[in-house]
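**Student:** All residue numbers for the sequence shown refer to the numbering used here, where the first residue is 385 and numbers rise by one. No residue lacks a Cβ here, since even glycine has one placed at the ideal position from N, Cα and C. Quick one: this structure, given as structure tokens, is what I'll be asking you about.
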Amino acid sequence: KATLATDGLIGAMLGPYDRGTGYILLHHVMGGLDGRANAWYYVQGGMGGVSNAIASSARAAGVEIRTNCSVKHIDIRNSKVEGVVLENGEEIKGKIVASNATGYTTFKDLILNDVIQTNTELVELKRHILQMDYSSGTTKINLALSGLPNFLADPNKTNNEFQPHHQCTIHMNSESIPNLHTAYQEALNGKPSKHPLIEMVIPSTLDPTIAPKGCHVALLFTQYTPYRLPNGKQIEINDEYKENYYRTVINEIEQYAPGFEKLII
């Protein structure tokens with residue numbers, strides 16, 4: 385039950401008893417691929433393969449892709465989109481502007497407030513968007529490993545070849561709902577969780593192109609790491625903060641897979 389609950393928590397600054405977590409859980413289990421329910425796929429070569437495929441298809445259709453061109457704001461005149469204005473002052477004209485930023489960023493930073501104020505519907509829409517809580521308690525850690533992690537619950541075979549569990553999501557510190565709740569409460573009090581929930585995947589067991597033979601890549605979703613104190617004051621996320629939390633995560637993994645730290649390159 386607790387392991388299933390983590391799919392309702394991951395990526396959100398919410399605890400297992402909070403409203404809204406059911407939607408996150410539904411998001412994780414409602415999909416499927418090739419007729420397989422709840423299936424997730426990896427992109428061969430890494431997630432950059434998605435960007436490269438989109439770019440290749442776009443260029444084939446005649447699209448010009450420009451990088452390092454920050455947009456200052458969307459140019460709207462007389463309630464009509466005219467294009468965008470770049471940070472360097474250059475104007476790019478267009479009848480349609482598609483923003484890949486979140487609604488929060490688009491309405492807060494890319495549409496001038498003077499434009500918003502001319503339309504009562506936009507004023508109300510922006511008010512609702514800015515009230516959305518985007519807080520996340522997740523810290524992502526990516527690791528290169530010199531070998532395959534060896535878990536106490538299902539030890540590696542003598543030939544050290546990966547087993548089925550190495551190709552799945554590996555859950556740690558999710559043995560009980562109270563454990564998850566405690567980790568969340570610690571973050572609400574402004575402290576990183578002492579026993580953070582950890583989800584590990586080892587995509588190199590499915591895609592040998594992302595690591596040399598015998599080596600692996602481990603990706604960790606961990607939480608909770610707060611950004612604010614209970615009084616609302618921002619926490620300074622410095623190198624010491626990051627290193628201390630990293631040490632906590634690695635020490636926790638060691639309880640499940642002794643020798644894991646020695647594998648880190």
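Nearest-angstrom Cα distance between T387 and T609?
**Tutor:** C-alpha separation (whole angstroms): 19 angstroms.
**Student:** For G478, I'd like the list of residues in its chain whose CB is within less than 6 angstroms of its CB, leaving aside the five on either flank, ordered along the chain.
**Tutor:** G467
**Student:** Report yes or no: do the stretch 563-573 and the stretch 594-608 share at least 3 C-beta pairs separated by less than 8 angstroms?
**Tutor:** yes
**Student:** Short check: CB of Y518 to CB of P576, under 9 angstroms?
**Tutor:** no
**Student:** Let's test the definition: count the other Cβ atoms within 10 Å of the Cβ of V447 and tell me whether it reaches 16, buried, or not, exposed.
**Tutor:** exposed
**Student:** How far does the beta strand (DSSP E) with A602 in it extend, from its first residue to its last?
**Tutor:** Counted as a single uninterrupted DSSP element, the beta strand (DSSP E) harbouring A602 occupies residues 600-607.
**Student:** Which complete alpha helix (DSSP H) runs does the stretch 540-615 hold, if anything under 4 residues is left out?
**Tutor:** 561-572
**Student:** Which residue's Cα is closest to the Cα of H550: G574, V585, T523?
**Tutor:** V585
**Student:** Who are the Cβ neighbours of V465 in its own chain at under 6 angstroms, not counting the five residues just before and after it?
**Tutor:** V481
**Student:** Identify the continuous beta strand (DSSP E) that holds I634 and give its terminal residues.
**Tutor:** Segment 623-640 is the alpha helix (DSSP H) holding I634; no beta strand (DSSP E) there.
**Student:** To which residues does DSSP link V507 through a beta bridge?
**Tutor:** Beta-bridge pairing by DSSP links V507 to no other residue.
**Student:** Helix, strand or coil for A437? Go by DSSP, reduced to three states.
**Tutor:** helix
**Student:** Suppose you measure from the CA of P614 to the CA of D418; what does that come to, to the nearest Å?
**Tutor:** Computed Cα separation, rounded: 46 angstroms.
**Student:** Between Y425, G574, G487, which lies nearest to G616 when the distance is taken from Cα to Cα?
**Tutor:** G574
**Student:** Contact defined as beta carbons within less than 8 angstroms: I believe K524 pairs with L604. What is the distance between those atoms, to the nearest angstrom?
**Tutor:** 7 angstroms
**Student:** According to DSSP, is N497 helix, strand or coil?
**Tutor:** In the structure shown, N497 adopts helical secondary structure according to DSSP, grouped into three states.
**Student:** For a test of the three-state rule: what should DSSP assign to A445, helix, strand or coil?
**Tutor:** coil
**Student:** Shortest alpha-carbon distance to N534 belongs to which of I408, P548, N526?
**Tutor:** P548
**Student:** Any idea what DSSP makes of L393, helix, strand or coil?
**Tutor:** coil
**Student:** Excluding five sequence neighbours on each side, which residues of the same chain lie with their C-beta closer than 7 angstroms to the C-beta of K456?
**Tutor:** These residues qualify, in order along the chain: V469, L470, E471.
**Student:** Could you check the C-alpha separation between T522 and Q501 for me, to the nearest Å?
**Tutor:** 35 angstroms
**Student:** Whole angstroms are fine: how far does the CA of R631 sit from the CA of L572?
**Tutor:** 21 angstroms
**Student:** Hey, would you say I648 sits closer than 9 angstroms to L527, going by beta carbons?
**Tutor:** For I648 and L527, yes; Cβs fall inside 9 angstroms.
**Student:** Going by CA-CA distance only, name the one from S520, I495, M414 that's closest to G395.
**Tutor:** S520
**Student:** If you count every other CB in all the chains shown that lies within 10 Å of the CB of S435, and 16 or more means buried, which is it?
**Tutor:** Counting the other Cβ atoms within 10 Å of the Cβ of S435 gives fewer than 16, which makes it exposed.
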